[in-house]
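Chains as they are written, first to last, in full-length UniProt numbering: chain A, 1 to 99; chain B, 1 to 99; chain C, 1 to 99; chain D, 1 to 99.
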């Protein structure tokens, strides 16, 4: 996984960071829960219901990050004359995200 | 999490089970990877790209389970005169799944 | 648009057909409504809300057709030993449909 | 349909407007095409493929409007100190749009 070394314009506060981490820890636990269901040969529909729930939890986590990104990084880019580039970058990830 | 104790009509083969478990283990690792990115205060767009990738991996895992479910449980229900009920159940989870 | 000349195993009843056509007529009207909003240079968010509404209406129409297809064509294929092929075909369209 | 009378901060250029209208006219034609397929009792899978195609066309139209909205209305709101409100509004429609 190759990432550019860009950083958020404003570091996440400890509270923000912990909030996102808690969500992700719960999602990690849900994924392990589904593994257990597969090992116990649980009914497929019940497993699919859990996978849908994890998908929603991930999307909500993503939207939270997206909102913060717009309020900080994109807003800063717009105020400093780099709005178009930042919006272009945002649109690409939003299209991927809405699949 | 309340589940009815229904079981798949035909237990997953060891190979099938291992294949799904491997996918879920990878997804679990990806979720931990995103936690690390948040801890390292990585750029929001890079984190969102990873969340989208996890969403796709989860969807593909779901579709694999769905196909197996149709080929086994739903087919058996149809052959034994319980098709409508099984299809009704399937439609509910598919609507959730396509959100 | 190239279509194979396959037909539903059981023709839609007049009531079923009319129900789907009514939905599609409403959707057609909604699309024209959005055209009018664009011509009147309406606020982008209001237009996007309408486009989302059309998307949902289309998805619901699709799910209705999908359910009928499973109860008739797929069930018939399963009963006559062609289940796998019919389910394979169904999975392809479901993956497209859930994007 | 109740709309607030907000207008885009900058009216769409004739070219922009025509581009969006052309897309919507094509979509209108596709919806009528699906009506014809239903009237001709065409195979369900073929109809579903067309409905998916319309969904994609609508989403792409929506993303184009979204990008323009961000580059004009949201950017103006940010520059004039109303960014949070505008981003909040945007997030609501994006969540709807990604279902």
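For glycine and all other residues, C-beta sits at the position ideal for the given N, C-alpha and C.
Anticipated Cβ contact below 8 angstroms, residue i with residue j, distance rounded
i, j, result
"residue 44 of chain A", "residue 65 of chain B", "5 angstroms"
"residue 75 of chain C", "residue 81 of chain B", "At roughly 11 angstroms, the Cβ-Cβ gap does not stay under 8 angstroms, so residue 75 of chain C and residue 81 of chain B are not in contact."
"residue 72 of chain A", "residue 15 of chain A", "Residue 72 of chain A to residue 15 of chain A, Cβ: 15 angstroms. No contact."
"residue 41 of chain C", "residue 42 of chain D", "Not confirmed; about 38 angstroms, so no contact."
C-beta atoms of residue i and residue j nearer than 8 angstroms
i, j, result
"residue 50 of chain B", "residue 52 of chain A", "no"
"residue 67 of chain D", "residue 87 of chain A", "yes"
"residue 54 of chain D", "residue 20 of chain D", "no"
"residue 37 of chain B", "residue 27 of chain B", "no"
"residue 93 of chain A", "residue 24 of chain B", "no"
"residue 63 of chain A", "residue 70 of chain D", "no"
"residue 56 of chain A", "residue 99 of chain B", "yes"
Practice task
Check each residue of the stretch 69-89 of chain D: if its Cβ is closer than 7 angstroms to any Cβ of chain C, include it; give the result in chain order.
Solution key: Under the 7 angstroms Cβ criterion, the stretch 69-89 of chain D contributes 69, 73, 89.
Practice task
Could you list the residues in the stretch 38-55 of chain C with a C-beta less than 9 angstroms from some C-beta on chain D, going in chain order?
Solution key: 38, 39, 41, 42, 43, 44, 45, 46, 47, 48, 49, 50, 51, 52, 53, 54, 55
Practice task
Please list the residues of the stretch 7-28 of chain C that have a C-beta atom closer than 9 angstroms to any C-beta atom in chain D, keeping them in chain order.
Solution key: Only 7, 8, 11, 12, 17, 20, 21, 24, 25, 27, 28 from the stretch 7-28 of chain C bring a Cβ to less than 9 angstroms from some Cβ of chain D.
Handout entry: Length-filtered (4 minimum) alpha helix (DSSP H) runs lying within the stretch 51-83 of chain A
Key = The alpha helix (DSSP H) runs of length 4 or more contained entirely in the stretch 51-83 of chain A are, from start to end of the chain, 75-79.
Exercise for the section: Could you tell me which uninterrupted alpha helix (DSSP H) segments, each at least 4 residues in length, are contained entirely in the stretch 4-58 of chain C, listed from first to last along the chain? Expected result: Runs found: 14-39.
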